[in-house]
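Numbering (our numbering), first residue to last: 1422 to 1910. Glycine included, C-beta positions come from ideal geometry on N, C-alpha and C. Report on the following structure.
Okay, here's the thing in structure tokens:
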């Protein structure tokens, strides 16, 4: 009885500690890493550190990043009422944030990085628990830290180019859960990628074979994330075997992971039913309970564009990518909450406002198919992308056209378009734009402007995309607290 009471006290202390971290992050003005109670750490036992791992914030992004992708357009009547950060993102302003903004993408990532560093550096000396348990918890924290740092890289650094990565500015290389460190500076981009890769390679041997929950990391999570890092670096031959391995792991997981068959799930007895006339298929009730089979590693982003508003819509070019029978069209709508209808050829995305910005199963198929095609394995690439398409449209529309299937360049372009059809109105497309913008063969796949339409479908305004705006600037509060931090152009 005494042991149970002590465990309860420790876990309650950890919960209070996490709440204190959150409060301090909200109130922090002078130093964005001043996020811990001064004095001795409360986390003492192996169970305490696991509770810390379970207690990290799932929120990562807001609506803003969804407005950066080139698949997005706007309608002037509704764009004018959008939140200022969405307008800043869509119009490719230099600063996404205002001077007094504190809750930013950086804020949530930094909060979790503090906790991951604490676990990584202290769990092996924790009381109780086996060596294997401690190593497993540490391995999961290493993967989670790698993911958070990878997001930092994708938001706040230039796209990766091997020739310049050793001199390009990277991220703050914060490895300690420090309450006294200040005046941080940036490392180099290659250092950041090397650190992320090392964390993942170190973690892989100790990760559990099975994924306990979608908020935690199994071996498949580590493999997929490492593959995505290589993929973003253009190291497609290194990513390929990891992605192939992850697909063999999917059916072996006790946590259900795999692709939904849209034809089945959109029926009256399916997981996406009922279909609301404005909000679309009710998939949100799946993912809000962390049960979506296509979610591998859950990190939440908020997208209120889905709630029958039209701050950001899918452009005419984007909608033209869909065949009439593509069942992903069920997650688009032309009706609006005010009773109006969008101009012809334009639609808004609808679905789950609490979407996953972590790791998703469809991305494995998209990236594996592209890696195979880039390596000249065209038949394998076609087979991989057709598995995804088989779960999204009628059988007669699944096949990749023969003229494309045997042409390497055409097939890669087809796969890239499939990525837009699969991931529209998510941050995924903007990350893809960053990667492709430095790919001489496929940089033409990045559209260099955003369009604003009137209610008749006429273009009334254009916002050009400058290469500098494929990188966000650091929030003002981060820069002001750290004068030596080099700001992005």
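For residue 1868, the first and last residue of its enclosing alpha helix (DSSP H): In the chain shown, residue 1868 corresponds to position 447, counting from 1. Neither: residue 1868 is in no alpha helix (DSSP H) and is coded neither H nor E.
Residue from 1464, 1839, 1486 with nearest C-alpha to residue 1545: Working through the chain shown from its first residue, we reach residue 1545 at position 124. Ranking 1464, 1839, 1486 by Cα distance to residue 1545 puts 1464 first.
CB contact flag (residue 1610, residue 1581, <8 Å): Taking the first residue of the chain shown as position 1, residue 1610 is located at position 189. Taking the first residue of the chain shown as position 1, residue 1581 is located at position 160. Result yes, Cβ atoms of residue 1610 and residue 1581 sit closer than 8 Å.
Sub-8 Å separation of residue 1573 and residue 1530 beta-carbons: Here residue 1573 refers to the residue found at position 152 when the chain shown is read from its first residue. Here residue 1530 refers to the residue found at position 109 when the chain shown is read from its first residue. Cβ atoms of residue 1573 and residue 1530: closer than 8 Å.
C-beta contact flag for residue 1743 and residue 1702 at 8 Å: To locate residue 1743, count along the chain shown from 1; it is residue 322. To locate residue 1702, count along the chain shown from 1; it is residue 281. No. Outside cutoff.
Coarse secondary structure for residue 1830, derived from DSSP in three states: Residue mapping note: residue 1830 aligns to position 409 of the chain shown, counting from 1. In the three-state reduction of the DSSP assignment, residue 1830 falls in the helix class.
Segment contact flag, the stretch 1730-1740 with the stretch 1789-1796, C-beta cutoff 8 Å, min 3 pairs: no
Residue 1764, buried or exposed, once every other Cβ within 10 Å from all chains shown has been counted against 16: The sequence position of residue 1764 within the chain shown is 343, counting from 1. Counting the other CB atoms within 10 Å of its CB gives residue 1764 a total of 16 or more, which places it among the buried residues.
Limits of the beta strand (DSSP E) - the one that residue 1722 falls within: To locate residue 1722, count along the chain shown from 1; it is residue 301. 1721-1723 is the extent of the beta strand (DSSP E) around residue 1722.
Exposure of residue 1650, with buried meaning 16 or more beta-carbon neighbours within 10 Å: If you number the chain shown from 1, residue 1650 lands on position 229. Residue 1650 should be labelled buried.
Residue 1517 (DSSP reduced to helix, strand or coil): As a first step, residue 1517 is located in the chain shown; it is residue number 96 there, counting from the start. Shown here, residue 1517 sits in coil according to DSSP, grouped into three states, outside any helix or strand.
Boundaries of the alpha helix (DSSP H) in which residue 1553 is found, first to last residue: Position 132 of the chain shown holds residue 1553. Segment 1552-1577, the alpha helix (DSSP H) holding residue 1553.
Meets three-Cβ-pair contact criterion under 8 Å: the stretch 1839-1853 and the stretch 1763-1780: yes
Which residues DSSP lists as bridging residue 1767, in chain order: The residue labelled residue 1767 in the question sits at position 346 within the chain shown. In the DSSP output, where bridge partners are listed per residue, residue 1767 has none listed.
Residue from 1685, 1787, 1477 whose Cα sits closest to the Cα of residue 1748: For the purposes of this step, residue 1748 is taken as residue 327 along the chain shown, with counting starting at 1. Measuring from the Cα of residue 1748, the nearest candidate turns out to be 1685.
Opposing strand residues paired with residue 1702 [DSSP bridges]: Position 281 of the chain shown, counted from the first residue, corresponds to residue 1702. BP columns for residue 1702 point to 1696.
Contact set for residue 1483: own chain, Cβ-Cβ below 6 Å, skip 5 residues either direction: Residue mapping note: residue 1483 aligns to position 62 of the chain shown, counting from 1. Once the five neighbours on either side are set aside, the close Cβ partners of residue 1483 are 1723.
Length of the line joining the Cα atoms of residue 1834 and residue 1863: Against the chain shown, residue 1834 aligns to sequence position 413. Against the chain shown, residue 1863 aligns to sequence position 442. Going from the Cα of residue 1834 to the Cα of residue 1863 covers about 8 Å.
Assigned secondary structure, residue 1495 (DSSP; H/G/I helix, E/B strand, else coil): Locating residue 1495 in the chain shown gives position 74, counting from the first residue. Residue 1495 falls in the strand class under three-state DSSP.
Run of the alpha helix (DSSP H) containing residue 1685, from where it starts to where it stops: As a working note, residue 1685 is residue 264 in the chain shown. First-last of the alpha helix (DSSP H) with residue 1685: 1683-1686.
For residue 1885, the first and last residue of its enclosing beta strand (DSSP E): Residue 1885 sits at position 464 when you count from the first residue of the chain shown. 1880-1885 is the span of the beta strand (DSSP E), which, as asked, contains residue 1885.
Length of the line joining the Cα atoms of residue 1698 and residue 1679: In the chain shown, the residue the question calls residue 1698 occupies position 277. In the chain shown, the residue the question calls residue 1679 occupies position 258. Each residue's alpha carbon lies about 27 Å from the other.
Pick from 1783, 1740, 1886, 1823 that is closest to residue 1806, judged by C-alpha positions: Mapped onto the chain shown, residue 1806 falls at position 385. That would be 1783, whose Cα lies nearest to the Cα of residue 1806.
Opposing strand residues paired with residue 1718 [DSSP bridges]: Along the chain shown, read from residue 1 onward, the residue named residue 1718 stands at position 297. Residue 1718 is bridged to 1780.
Residue from 1590, 1904, 1716, 1867 with nearest C-alpha to residue 1773: Looking up residue 1773 in the chain shown gives position 352. Answer by Cα proximity: 1716.
Collapsed DSSP secondary structure at residue 1746 in the structure displayed: Against the chain shown, residue 1746 aligns to sequence position 325. Three-state DSSP puts residue 1746 in coil, outside helix and strand.
Residue range of the unbroken beta strand (DSSP E) whose run includes residue 1752: Mapped onto the chain shown, residue 1752 falls at position 331. Residue 1752 -> no beta strand (DSSP E), and no H or E assigned at all.
Beta-carbon contacts of residue 1557 that lie in its chain and below 8 Å, excluding the five residues immediately before and after: In the chain shown, residue 1557 corresponds to position 136, counting from 1. Leaving aside the five residues that flank residue 1557 on each side, the residues in its chain whose CB is nearer than 8 Å to its CB run, in chain order, 1627, 1628, 1629.
Ranges of the alpha helix (DSSP H) found wholly within the stretch 1626-1697, counting only runs of at least 4: For the stretch 1626-1697, the full-length alpha helix (DSSP H) segments reaching 4 residues or more read 1640-1653, 1657-1670, 1683-1686 along the chain.
Endpoints, alpha helix (DSSP H) assigned at residue 1482: Indexing the chain shown from 1 puts residue 1482 at position 61. It is not in any alpha helix (DSSP H) - residue 1482 instead sits in the beta strand (DSSP E) that spans 1480-1482.
6 Å Cβ shell around residue 1882 - same chain, five flanking residues per side excluded: Within the chain shown, numbered from 1, the residue matching residue 1882 stands at position 461. Cβ neighbours of residue 1882 beyond the five flanking positions: 1873.
Cβ shell of residue 1641 (< 6 Å), same chain only, five flanking positions each side left out: Looking up residue 1641 in the chain shown gives position 220. Contacts found: 1667, 1670.
For residue 1746, the nearest candidate out of 1775, 1798, 1683, 1804 (CA to CA): In the chain shown, residue 1746 corresponds to position 325, counting from 1. Comparing Cα-Cα distances from residue 1746 to each of 1775, 1798, 1683, 1804, the minimum goes to 1683.
Top-ranked residue by Cα proximity to residue 1869, from 1505, 1487, 1511: If you number the chain shown from 1, residue 1869 lands on position 448. Nearest option by C-alpha distance: 1511.
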